[in-house]
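To start, the structure itself, in structure tokens.
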Amino acid sequence: MAIIRCLARRPSALQWAARASSRIPSFARTLYAVPTLGNHVELQKNGVPGLLTAKGFQIAYTDYQQHMIDELNESTAGTTAENQDTKSLVIEFARDPTKAYGFNVASMAFNNHFFFRGINTNLNVQSRPSSDLEVQIKKDFSSRDTLRETFLATADAMFGPGFVWLVQTNDTQFGNLRILPTYLAGSPLSGAHYRQQPHDLNTHNADSYQALNKVGAFGAAAKQNPGPKKPLGGVDVVPLLCVNTWEHVWLHDYGVRGKRRFLEAWWDRIDWDLVGQHATLSPRQGQASRQFHFD
């Protein structure tokens, strides 16, 4: 809802979306679609075992992801952005402060899919970290219990919606596991960190972006060094897992005071096998990142 209200308050964003949608007829093909999850039919019928009811899943994924996809299709239709994956759009729009709404939509589509894709949907399977991942967790957090308590406390303490990520930095040989909160539609992707202007262009006059933005596609840093895909001083991170703390995800099933219960239930449903696939845990695997494989 916050994104919708911001769009309504920003005429320039409406004009940008209108110009894009006007370039193709309304019957044009849909370029983006809601990604199918593992056991998707069962999830639609019964919800996520031990986490969300069928109605809760419908609200948090089926309906909300479709809303983001619809907005993404409308915002990019007839433009050079319409054939790009969501990760690329997040990075591209982050560098242009006049496309704040497009950034929000693309980032939310990416983040929410990442969240749901990382859930173990098989109630009969107890997912556990691999031995290599367990070693890395103990190295960086002393134990998995400490990681759990620190992670859940961080998510529970967030006053407002967003995501909390477990990420791996690649600034050392083996990388380091760290907890990274992002608010609203914020992105953990390193290339998206150009979007750090002191004002949100959703709620400010887009004509003032040159004075407001210090980086991005129009900022001084980009003009001096337009080549890098990440901002100066940025640290590359690989997202391993995340939890979505937006109220629409947990409010229906857990109630106003149920955020902590939702977080605890989510922790028990993490697909640790998928987390291990994202991570780089040995020299044999090198430093290749799999973070860009998500749509």
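When we follow this note's numbering, the leftmost residue of the sequence shown carries the number 49, and every step to the right adds one.
Glycine included, every Cβ here is placed at the ideal spot set by N, Cα and C.
Treat the numbers as computed from the prediction; the structure is a model and nothing was measured.
Quiz item: If you run the structure through DSSP and keep just helix, strand and coil, what is Phe189?
Solution: Secondary structure of Phe189 (DSSP, three-state): helix.
Self-check item: Cβ separation of Leu288 and Leu195, assumed to be a contact under 8 Å, to the nearest whole Å
Solution: Actually they do not touch by this definition, with Cβ atoms about 11 Å apart.
Quiz item: With distances taken between CB atoms, is the gap from Val291 to Leu322 smaller than 8 Å?
Solution: Taking a C-beta distance under 8 Å as the contact criterion, Val291 and Leu322 do not qualify as a contact pair.
Practice problem: Return yes when the Cβ of Pro229 is within less than 8 Å of the Cβ of Gly210, no when it is not. | Solution: Yes, the pair counts as a contact, with Cβ atoms nearer than the cut-off.
Quiz item: Taking the C-alpha atoms as reference points, what is the distance between Val82 and Gln113?
Solution: Val82 and Gln113: Cα-Cα distance of roughly 6 Å.
Quiz item: Taking C-beta to C-beta, are Arg317 and Ile167 nearer than 8 Å?
Solution: Yes.
Quiz item: Which word fits Gln325, buried or exposed, when buried means at least 16 other C-beta atoms lie within 10 angstroms of its C-beta?
Solution: Under this definition Gln325 is an exposed residue.
Exercise. Give me whichever residues DSSP pairs with Asn224 in a beta bridge.
Key: Beta-bridge pairing by DSSP links Asn224 to Thr217.
Self-check item: Simplified DSSP assignment, three categories, for Leu289
Solution: In the structure shown, Leu289 adopts extended strand secondary structure according to DSSP, grouped into three states.
Quiz prompt | Close-in-space but distant-in-sequence residues of the same chain around Arg226 (CB under 7 Å, 5 per side omitted) | solution = Result list for Arg226: Val215 and Thr217, in chain order.
Self-check item: Cβ pair Met206, Asn160 closer than 8 Å
Solution: Result no, Cβ atoms of Met206 and Asn160 do not sit closer than 8 Å.
Quiz item: Taking the alpha-carbon positions, what's the Ala154 to Leu91 distance?
Solution: Their Cα atoms are separated by approximately 24 Å.
Quiz item: Using a Cβ-Cβ cut-off of 6 Å (strictly less than) and excluding sequence neighbours within five positions of Arg176, which residues of its own chain qualify?
Solution: These residues qualify, in order along the chain: Trp320.
Quiz item: Is Gly303 helix, strand or coil when you go by DSSP?
Solution: Of the three classes helix, strand and coil, the one that applies to Gly303 here is coil, per DSSP.
Self-check item: Span of the alpha helix (DSSP H) around Met116
Solution: Bounds of the alpha helix (DSSP H) holding Met116 are Tyr112 to Thr124.
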